[in-house]
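Residue numbers (the numbering used here): -17 to 191.
Every residue gets a Cβ at the ideal spot worked out from N, C-alpha and C, and that includes glycine.
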């Protein structure tokens, strides 16, 4: 039995995440959760007064997961470039090998944020800001190379790779996938001269998590 409102909400979000595994975009509605969760429609609709609330809740949960992953790479690696590459390669690995849902195709726009309840909107904005700050500070620590808006270039490239991984089937143990991704990110950051993580070392670390 769910003992608190928050626990029930967290449970519903986890069910939604499970339902979205392997999906290339967010195609879940509140009504879909009734059968999947065995919780009444009324209770689900009380937790998520509109569809935008459910979507934001799932995206926020994914962002929170990514934030937790940044703590892992910070604990294991001292080099900022390696932290950045291991983190984003792990995101790619979760999509490729675990078919984890990624919201990269469903980024909230102003219309969705306006539709959402204040609670879900504010929580999303807070967590998204924290995750964006981590990425920005990590790139700063790697070292900004003048000439381009490298943060925007890298962000766009990573998003494109995540969408491609959602749309296509890749072999889980494909070392070249992570090596090519790492090389491209390093190039865009202007640090192709730096030593990059070995592909097998990455796979071993992913499997140990």
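Contact set for residue i: own chain, Cβ-Cβ below 7 angstroms, skip 5 residues either direction
i: residue 51; result: 69, 72
i: residue 184; result: 68, 71, 160
i: residue 11; result: 33
i: residue 149; result: 6
i: residue 79; result: 154
i: residue 110; result: 45
Assigned exposure category for residue i - 16 Cβ within 10 Å defines buried
i: residue 48; result: buried
i: residue 2; result: buried
i: residue 57; result: exposed
i: residue 153; result: exposed
i: residue 164; result: buried
i: residue 0; result: exposed
i: residue 130; result: exposed
i: residue 168; result: buried
i: residue 126; result: exposed
i: residue 151; result: exposed
i: residue 23; result: exposed
i: residue 43; result: buried
Cβ-Cβ separation, residue j to residue i (assumed contact under 8 angstroms), whole Å
i: residue -6; j: residue 15; result: 6 angstroms
i: residue 34; j: residue 94; result: 5 angstroms
i: residue 172; j: residue 158; result: That pair is no contact at about 23 angstroms.
i: residue 41; j: residue 90; result: 7 angstroms
i: residue 124; j: residue 62; result: 5 angstroms
i: residue 55; j: residue 147; result: 19 angstroms between Cβ atoms; not a contact.
i: residue 108; j: residue 121; result: So it is not a contact: roughly 21 angstroms between Cβ atoms.
i: residue -2; j: residue 36; result: 7 angstroms
i: residue 192; j: residue 8; result: Given that the chain is displayed from residue -17 to residue 191, the structure contains no residue 192 and the question cannot be resolved.
Collapsed DSSP secondary structure at residue i in the structure displayed
i: residue 143; result: helix
i: residue 133; result: helix
i: residue 72; result: helix
i: residue 155; result: coil
i: residue 177; result: coil
i: residue 52; result: helix
i: residue 172; result: coil
i: residue 164; result: helix
i: residue 46; result: helix
i: residue 98; result: coil
i: residue 189; result: helix
i: residue -9; result: helix
i: residue 127; result: coil
i: residue 150; result: coil
i: residue 30; result: coil
Residues of its chain near residue i, where Cβ-Cβ distance is below 8 angstroms and the 5 sequence neighbours each way are ignored
i: residue 59; result: 65, 68
i: residue -9; result: 29, 39
Sequence-distant residues of the same chain with beta carbon closer than 6 angstroms to residue i, five excluded per side
i: residue 98; result: 34, 35, 38
i: residue 144; result: 84, 86
i: residue 82; result: 76
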